[in-house]
Every structure is written in C-alpha cells, then in structure tokens.
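Going line by line, the protein sequences match chains Z, L and H. According to this note's numbering, the first sequence is numbered sequentially starting from 1. According to this note's numbering, the second sequence is numbered sequentially starting from 1. According to this note's numbering, the third sequence is numbered sequentially starting from 1.
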Amino acid sequence: MDWKLWALKKSIWVFHVNTGACNNCDIEIVNLLTPKFDVERFGIKLVGSPRHADALLVTGGGTRQAAIRLREVYRQTAKPCVVFCMGACACGMGIFEKGYHMAGPVDSIIREVDPNAIIAYVPGCPPKPQAMIMGVVRALAALQPKEKYATERVGQPVVADPR
Amino acid sequence: MSEPLRKSVLAVGPFHPLQEEMEFFQLTVDGEKVTDIKARISYNHRGIEKLSETLQFDQVPYLVSRVCGICSASHPLAYVQAVEEIAAVKPPERALYVRTIINELERIHSHLLWVGLAGHFIGYDTVFMWAWKYREPVLDLLEEITGNRNNYGNVKVGGCREDIPDELIPKINQELDVIERKTEMLTKAVLDDPVLHARLKGVGILTKEDAIKYAVTGPTARGSGIAIDVRRDDPYAAYDDLDWKVISQPEGDVFAKAVVRLLETLESVKIIRQALARLPKGPVSVDVKEIPPGEGCGRAEAPRGETFHYVRSDGGNRPVRHKIRAPSYVNVPSFKASCIGADIADVTITLAAVDPCYSCTERIAVVDGHSAVIHDYDELLRLSREKTARIKKEIGAPDVKLEDC
Amino acid sequence: MQQNELDNQLSQIRDKLTGLDRKADNRVFLPCEAENVHEVCRFLFSDLGLRFVISTGIDAEDCFEVLHHFSNDESGCLVTVKAFVRNRESPELDSITPLIPGAEWIEREMHDLLGIKFRNHPNLERLILADDWPEGVYPLRKEVQA
C-alpha cells in the first residue's frame with residue numbers, strides 16, 4: 001500500500017475549484033464546514049492553495065476559460081490526489097452540454113493533463129451535503145478495497161460504511 | 001528625498017476558499033490605496049441565452065434556475081412573468097401567494113448567507129458559523145415544499161408546479177418564529193458592536209451619484225439611499241396585497257448595506273407570515289396552450305436586486321430571444337466606484353458588500369505575468385482580518401456575543 | 001415621476017422616434033433609427049431621470065436590434081428604446097457608456113456576442129468570451145448554430 005494514500009485517508013485537505021458553476025454546489029461545499037455537517041470533525045479541511053491539497057472538489061461544467069485554469073490547478077496539486085466532480089455539471093456538463101462556451105466535462109479536461117487521474121463522481125443538482133460526504137467516504141473506501149474503512153484517529157473512531 | 005511612487009498590482013482571484021466563483025479583478029495600487037480596477041469576466045459564461053433558444057418555453061425555467069444558485073427562484077419567476085406578459089395569462093391567486101412565499105424564503109437564506117460570508121471576510125468566524133447554522137432550517141423548509149434545497153423548479157408559465165400543503169403551514173410558522181428570534185439577535189449584535197462600527201462604517205462608500213451612474217439595484221442601491229424595490233415599484237406575485245416596507249439607509253457604506261440586509265430578512269418573515277395567513281384556496285396553475293408572437297419583460301426582486309428578463313416570441317414553441325440580466329451584472333461594476341481610494345485591507349469586504357452573485361454574471365480571473373508585487377486573495381483576506389484585530393485591540397471591546405436562544 | 005407625466009414627457013421626443021408602442025400601462029417601447037438612439041437615451045436618463053436597466057442585442061434576420069431598457073421606478077413603467085441597426089455587414093451604433101457608465105459591460109458583451117461596434121465606447125475590449133475564442137465568430141448571431 002502506498003504510504004501516501006494511507007496518509008490521505010487520515011485527514012483530507014481539499015481545495016475547491018469552480019469551473020463555471022452556478023454557485024449551488026459551491027454553497028453546499030461551504031455548507032460542509034458549518035455546524036450542521038461539520039466535516040472538520042472527519043479531518044476534512046478546506047485549504048487555500050492546491051499545493052497543500054489531497055483532493056480537488058471541482059464544480060461547474062468546465063467553460064473554455066476555466067478549463068485552462070483547471071489544468072493548471074491540477075498540475076500544481078500535490079500528488080497523489082483525488083479529483084471529486086461535484087454535481088451534475090462537473091460529472092457531465094448537465095444542461096449546459098450544448099453551450100458554445102463549454103470545454104468540459106471536468107474529467108476530460110483533467111485527463112488531458114493526466115490520463116491516469118483518480119476521479120470520483122458525485123451527481124446531483126446540487127448534491128446534498130450528505131451526498132458529498134458519502135461520495136468522499138466511498139471514494140476513499142474504494143481506494144483501499146482490502147481494508148474496512150474504519151480507523152482510529154487520535155482516540156476518535158471514524159466509522160463509515162464501505163458498502 | 002522623496003520616495004518614488006510604488007505601483008503594484010494586486011490580483012484578486014481566481015481561486016480562493018470562500019468565494020465560490022472565480023472572479024478576477026486586477027487592482028492597481030499606490031502604496032496601500034487602490035487607484036484603479038480592471039475586470040474581465042469569462043469563467044462562468046455558459047451561453048445560457050443561446051441555450052434558451054433551443055429549449056421550449058416550459059423547459060426554460062429549469063435552465064434559468066441554474067443561472068445562479070442563490071437566486072434560483074428569482075430568475076425563473078422573472079422569466080415566466082415575461083412569457084405570461086406575452087401570452088396575457090394571469091396565474092391563479094394561490095399561485096401568486098406560493099410564489100411570494102418561496103421567493104421570500106429564498107431572500108432569508110440568501111441574506112443569512114451573506115452575513116456569514118461578510119463575517120468571515122473580516123475575521124468574525126463565529127458569525128459565519130452561526131448564520132449558516134440558522135440558514136439550514138430555511139433550506140429544509142424549501143426542500144419540504146419543492147423537493148430541493150436549492151434549484152426549486154417551482155415556477156412554470158401559468159403558475160406553480162408544487163403547492164404548499166396546508167398541513168405544512170404550522171411548521172413553517174414555527175420555523176419562522178425561530179428565524180425571527182435569531183435574526184433579531186444577530187441584528188442587535190451587529191448594530192451594537194463597536195468593533196463592527198469602526199471596521200465597517202465609512203468603508204466602501206458608494207455615493208448616491210455613483211449608484212445612479214452605475215445603475216445599481218437591490219441592497220447595494222438601498223444602502224446608498226436609493227429606495228427602489230421591484231416588489232413595490234412594479235408589483236408582481238402577491239406583494240401588492242401585503243403590508244411591508246422597503247428598507248433603505250443613506251450612508252452608502254458596508255455597514256449600511258449590512259443593516260439593510262438584516263432588516264430585510266426580518267421584513268421577509270413578516271411577509272411570509274401574512275402570505276400564509278391569507279393563502280387563498282384554489283388551483284396553483286392554469287393551462288397555457290401556446291405563446292403568441294410578441295415580446296415581454298419580466299422582473300423580480302432577487303436578494304441581490306432586480307432580475308430582469310426579456311423574451312421575444314414568434315409564435316413558435318421556443319423563445320426567439322431571451323435576455324437575462326442578473327442584478328450582479330450592474331452591481332459588481334460599481335465596485336470600481338466604491339473601491340478606488342480605499343485601503344487594500346478593505347477590498348474584500350467592499351466587494352462582498354455588493355453581494356456579487358458571481359455566477360449570475362461572469363467573473364474573470366485574470367492576469368498574472370506582471371513584474372510588480374502580487375498579493376493573492378489569501379493575502380487580502382489576511383490583511384482584512386488583521387485590520388479588524390487591530391481595531392479590536394484599540395477599542396478594547398469583547399468578542400461579539402451570540403447566544404443560542 | 002407619475003405615469004401620466006411620463007406619457008406627456010415622452011411625447012416631447014416623438015419626432016426622434018419611428019413609433020410609440022404602448023403594450024400595457026407599464027410597458028412602453030420606443031422604436032427609433034440608429035442615429036437617434038443617443039439623443040433618446042440622453043433624454044430618458046438625464047432629462048427624465050429614468051434608471052438604466054440593461055440592453056438587449058438581437059439578431060433580427062434583416063437587421064440588428066439594440067434595445068436599451070429603462071425603468072421609471074415611481075410608476076413601475078419599463079421604457080424600452082428599440083434601435084434598428086440596418087447595416088448587417090458592419091453594424092455600428094453610438095455608445096451610451098459615456099452618458100451612463102453602467103452600460104459599459106453590456107455594450108462590450110453585445111460587441112463580443114453579436115459583433116456590433118459601439119462608437120465612442122471608452123473600452124471595447126473582450127469581456128465575456130474566453131481568451132482563445134476565435135475572432136469574428138459571434139455566438140448570438142443566427143448563423144451560429146447552438
């Protein structure tokens with residue numbers, strides 16, 4: 001097992017990227033930090049620079065202008081990293097598919113930089129915060145298929161159902 | 001010996017933690033004061049107006065709901081009102097009331113969102129956590145009524161898609177009581193806090209003259225003494241039948257805009273209570289078979305200001321032209337007027353005071369490759385919080401108290 | 001101003017217009033030829049004090065139409081100036097940005113999306129299309145497929 005991936009599952013530092021989203025998914029991501037969902041208790045932290053991030057939370061369908069920047073951000077992100085496509089637009093451009101200014105979807109933009117990128121999809125318009133948390137947990141569990149994804153973290157059990 | 005002028009360029013954007021969309025303003029500064037701002041917006045441009053022409057009239061509300069997530073009730077409402085104007089259709093009374101209730105619930109959660117973000121920008125993270133915690137019940141209510149926390153998809157040409165079940169009304173009233181209590185407490189805390197006074201008063205002033213030149217709307221205008229509000233000026237939905245007031249403050253600074261938004265939230269609670277008490281019986285939609293040729297204008301007062309839609313029909317089943325103007329499109333450029341001459345520590349809060357619904361308009365994040373000093377968004381946020389901390393120390397005031405009541 | 005006063009005032013520029021469509025009590029359309037658009041807008045904004053709302057550019061097959069929407073907030077009336085730009089090969093119109101700074105962005109947008117040139121605009125740079133969007137392709141024109 002890659003020790004970096006092991007470190008990854010202890011606490012996930014995420015960097016949020018908007019590639020032309022309507023704001024809904026972005027607000028729900030920020031909601032994750034607030035008292036009702038409070039993802040910081042799982043060690044998930046929003047950071048201000050991609051260089052410190054273990055995961056990218058990408059929203060939006062990937063407009064032409066944003067695509068250039070997204071590739072740059074991905075290059076700068078510390079590897080290994082997981083790219084989470086949050087929302088219908090990031091998963092497959094959604095209703096903006098035929099827009100003339102779209103370059104997406106996010107996975108094809110990222111794969112131009114790195115064909116082996118690890119990409120997880122959380123659909124929804126917007127996905128509820130619970131869905132986002134579940135998406136993150138499931139993706140991490142999928143990265144560690146042989147182990148039960150239940151780990152002690154400084155005396156606090158972090159339990160998530162990998163099924 | 002005189003110091004040579006040190007001009008540096010600050011790039012605000014494109015990626016930063018708590019501002020959801022990418023936005024780019026290129027600021028030029030002289031020392032610590034802003035001297036010029038250039039904006040180029042393109043990151044969020046999805047070509048929605050062109051997409052509208054490929055959809056049928058009754059599919060468009062689902063598209064425009066996603067112009068912006070926080071105004072996702074106002075955009076489809078303005079659109080269907082434009083189409084109803086062309087078709088000379090009047091929705092049933094109950095539909096007008098349901099539309100009013102949904103839009104006011106949206107206003108409440110949007111203003112609380114803003115208060116939280118503003119708190120975060122100046123280093124009052126308690127306010128941020130608190131305001132967003134008390135936003136949640138509003139989103140839950142909206143989910144119970146329409147099926148989604150955001151993107152309600154509840155308006156259609158001729159009325160509403162979903163009705164508000166009568167059994168839900170006592171619960172809505174109960175939640176409104178809680179929201180009112182919390183907002184009153186928050187308003188009092190903000191209005192009484194000497195550090196917030198010192199930090200936000202006189203900051204980011206948009207004069208009345210500039211407000212007119214830049215054609216701003218919403219709390220950005222009402223915070224500069226221009227008491228315009230589409231709900232009163234060009235009434236739609238049920239606003240004409242209800243008793244409420246337009247809130248405005250004359251000073252034009254960030255504090256004034258915060259006060260306007262907080263008091264408006266309380267006013268929204270009043271409006272919803274009245275609408276629920278007087279909710280007429282009956283259907284919530286009428287059938288509309290076709291849209292004749294013509295043109296119509298629809299507008300709604302979104303939390304950020306006037307949302308304007310223009311629709312042209314040639315008698316077919318798709319719009320021939322659909323113009324969408326979000327309030328931020330006219331409010332964000334006014335940032336130029338309110339920011340020039342300001343401290344760089346105040347840039348983030350001044351921009352936030354316009355409450356840019358970034359995805360409503362286009363944000364451009366740009367430019368790099370200047371040889372001058374560049375401060376990124378994190379740096380500007382740090383400067384803003386440091387200023388608050390300095391003021392707090394000078395005044396010697398305690399932390400703002402927010403009880404859980 | 002009140003609606004009846006607005007109606008009186010509008011009759012003052014009737015000679016600059018090619019019509020006066022009253023679609024409803026609070027919806028008035030003022031069609032005019034391109035050369036008069038600046039004067040009409042100046043009258044509405046500076047003389048009558050109406051609020052600028054936004055502009056709509058339309059590819060209307062045989063010409064371009066540029067609609068400038070104004071609002072008389074006191075009576076809730078929307079007054080729309082409808083300018084016809086007949087030269088399709090190189091469409092041009094006088095800019096209203098020197099008069100109304102709030103119109104800067106929308107004129108740049110119409111320039112990007114429809115290719116209409118606004119004379120005397122202080123800064124007609126690209127606003128809304130990506131850096132790598134090809135020159136000469138105007139997405140809102142009818143010839144560009146969605």
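All C-beta atoms in this analysis are idealised placements derived from N, C-alpha and C, irrespective of residue type, glycine included.
Comparing the C-beta of H52(Z) with each C-beta of chain A, is any distance below 8 Å?
Within the model displayed, chain A is absent; protein chains Z, L and H are what it includes.
Environment of H68(H) [buried if 16+ CB atoms lie within 10 Å]
The residue you call residue 68(H) lines up with position 68 of the third sequence. Classification for H68(H): buried.
Chain Z contact for Y43(L) (CB, 8 Å cutoff):
For the purposes of this step, residue 43(L) is taken as the residue at position 43 of the second sequence. So yes, Y43(L) belongs to the interface.
Contacting residues, own chain, Cβ-Cβ under 7 Å from A198(L) (five flanking each side not counted)
Within the second sequence, residue 198(L) is the residue found at index 198, counting from 1. Result list for A198(L): I391, I395, in chain order.
Given that C160(L) touches chain H, what residues does it touch there, using C-beta distances under 7 Å?
Here residue 160(L) refers to the residue found at position 160 when the second sequence is read from its first residue. Going along chain H, no residue has its Cβ under 7 Å from C160(L), so there is no contact; the nearest lies around 23 Å.
P333(L): contacting residues in chain H (beta-carbon distance under 9 Å)
Position 333 of the second sequence, counted from the start, is the residue given in the question as residue 333(L). Chain H residues near P333(L): P101, G102, E104, W105.
Report the rounded CA-to-CA distance for S71(H) versus P101(H), giving the unit in angstroms.
Here residue 71(H) corresponds to residue number 71 of the third sequence, with the count starting at 1. Here residue 101(H) corresponds to residue number 101 of the third sequence, with the count starting at 1. Spanning the two alpha carbons is a distance of roughly 16 Å.
Residue ranges of each beta strand (DSSP E) run of no fewer than 3 residues wholly in the region 31 to 86 of chain H, ordered along the chain?
51 to 59, 64 to 72, 77 to 85
So which of I291(L), A342(L), L96(L) has the shortest CA-CA distance to D30(L)?
On the second sequence, position 30 is the one that residue 30(L) refers to. Selected option, being the one with the closest Cα: A342(L).
Is the region 158 to 177 of chain L close to the region 98 to 108 of chain L, with three or more CB pairs under 8 Å?
yes
Check each residue of the region 115 to 143 of chain L: if its Cβ is closer than 7 Å to any Cβ of chain Z, include it; give the result in chain order.
M129, W132, K133, E136
Taking only beta-carbon positions, decide if I12(Z) is within less than 8 Å of chain L.
Indexing the first sequence from 1 puts residue 12(Z) at position 12. Closer than 8 Å: no.
Alpha carbons only, please: which of H52(Z), R64(Z), L70(Z) is nearest the one belonging to V58(Z)?
Indexing the first sequence from 1 puts residue 58(Z) at position 58. Looking at the Cα atoms, L70(Z) is the closest of the given residues.
Do we get a CB-CB distance below 8 Å when we pair T183(L) with the residues of chain Z?
In the second sequence, residue 183(L) corresponds to position 183, counting from 1. Taking Cβ atoms only, chain Z never reaches closer than 8 Å to T183(L), which makes this a no.
Enumerate in chain order the residues of its own chain whose CB-to-CB distance from C77(H) is below 8 Å, with the five nearest sequence positions on each side excluded.
As a first step, residue 77(H) is located in the third sequence; it is residue number 77 there, counting from the start. These residues qualify, in order along the chain: Q3, L6, D25, N26, R27, V28, S71.
For T63(Z), go through chain L and note every residue whose CB falls closer than 7 Å to its CB, in chain order.
As a working note, residue 63(Z) is residue 63 in the first sequence. Correct list: Y43, N44, H45, R46.
What residues of chain L sit near N69(H), judged by a beta carbon separation below 8 Å?
Along the third sequence, read from residue 1 onward, the residue named residue 69(H) stands at position 69. The amino acid occupying residue 69(H) in the given sequence is His; Asn does not appear at that position. Here the neighbours are C297, F308, Y310.
Along chain Z, which residues have their Cβ under 9 Å away from the Cβ of P139(H)?
The residue labelled residue 139(H) in the question sits at position 139 within the third sequence. Going along chain Z in sequence order, the residues near P139(H) (Cβ under 9 Å) are Y100, H101.
For V149(H) versus L93(H), is the C-beta spacing smaller than 8 Å?
Here chain H covers residues 1 to 146 and nothing more, so residue 149(H) does not appear.
Quick one: which residues of the region 72 to 100 of chain H get their C-beta closer than 9 Å to a C-beta of chain L? List them in chain order.
N72, D73, E74, S75, G76, C77, L78, T80, I100
DSSP-derived helix/strand/coil call for K392(L):
Here the question's residue 392(L) lines up with position 392 in the second sequence. K392(L): helix per DSSP, three-state reduction.
Can you pull the chain L neighbours of C81(Z), defined as C-beta to C-beta under 8 Å?
Start at 1 with the first residue of the first sequence, and residue 81(Z) comes out as number 81. Residues of chain L passing the Cβ test: none, with the nearest at roughly 15 Å.
List, in chain order, every chain L residue whose beta-carbon is nearer than 7 Å to that of N26(H).
Position 26 of the third sequence, counting from 1, holds the residue named residue 26(H). In chain order: D234.
On the criterion of 16 or more Cβ atoms from any shown chain inside 10 Å, does K323(L) qualify as buried, or is it exposed?
The count along the second sequence starts at 1 and reaches residue 323(L) at position 323. Counting Cβ neighbours within 10 Å, K323(L) comes out buried, since at least 16 surround it.
Evaluate A150(Z) with the Cβ neighbour count: other Cβ atoms within 10 Å of its Cβ, from every protein chain shown; 16 or more gives buried, anything less gives exposed.
Within the first sequence, residue 150(Z) is the residue found at index 150, counting from 1. Confidence is the limiting factor: at A150(Z) the pLDDT is only 47, short of 50, which leaves the residue's position unreliable, though a coordinate-based value still follows. The residue in question, A150(Z), is exposed, as its Cβ has fewer than 16 Cβ neighbours within 10 Å.
Taking 8 Å as the CB-CB cut-off, is D112(H) touching chain Z?
The residue labelled residue 112(H) in the question sits at position 112 within the third sequence. Not one chain Z Cβ lies under 8 Å of D112(H).
How many whole angstroms separate the CB atoms of I37(L) and I108(L), which I take to be in contact at a CB cut-off of 8 Å?
In the second sequence, the residue the question calls residue 37(L) occupies position 37. In the second sequence, the residue the question calls residue 108(L) occupies position 108. The pair is not a contact, with the Cβ atoms about 32 Å apart (cut-off 8 Å).
With a threshold of 8 Å between beta carbons, is D132(H) in contact with chain Z?
Within the third sequence, numbered from 1, the residue matching residue 132(H) stands at position 132. Chain Z contact via Cβ: present.
In terms of alpha-carbon separation, which member of A389(L), P398(L), E264(L) lies closest to G123(L)?
Position 123 of the second sequence, counted from the first residue, corresponds to residue 123(L). It is A389(L) whose Cα lies nearest to the Cα of G123(L).
Continuous alpha helix (DSSP H) assignments of at least 4 residues falling wholly in the region 88 to 155 of chain L
93 to 121, 125 to 133, 136 to 146
Residue range of the alpha helix (DSSP H) that M185(L) falls in?
In the second sequence, counting from the first residue as 1, residue 185(L) sits at position 185. Its alpha helix (DSSP H) spans residues 169 to 192.
In chain order, what residues of the same chain lie with their CB nearer than 6 Å to the CB of A302(L), ignoring the 5 residues before and after it?
One-based indexing of the second sequence puts residue 302(L) at position 302. Same-chain partners within the cutoff: C71, S74, P327.
Continuous alpha helix (DSSP H) stretch holding R273(L): start and end
Within the second sequence, numbered from 1, the residue matching residue 273(L) stands at position 273. First-last of the alpha helix (DSSP H) with R273(L): 254 to 277.
For N18(Z), which beta-bridge partners are listed by DSSP?
Against the first sequence, residue 18(Z) aligns to sequence position 18. N18(Z) is bridged to T59(Z).
Could you name the residues of chain L that F96(Z) contacts, counting a contact when the two beta carbons are closer than 9 Å?
Position 96 of the first sequence, counted from the start, is the residue given in the question as residue 96(Z). Within 9 Å Cβ-Cβ: R46, G47, I48, L51, L63, R66.
Could you list which residues in chain L have their beta carbon closer than 8 Å to that of T77(Z), in chain order?
The sequence position of residue 77(Z) within the first sequence is 77, counting from 1. Ordered by position in chain L, no residue passes the 8 Å Cβ test against T77(Z), which lies about 11 Å from the chain.
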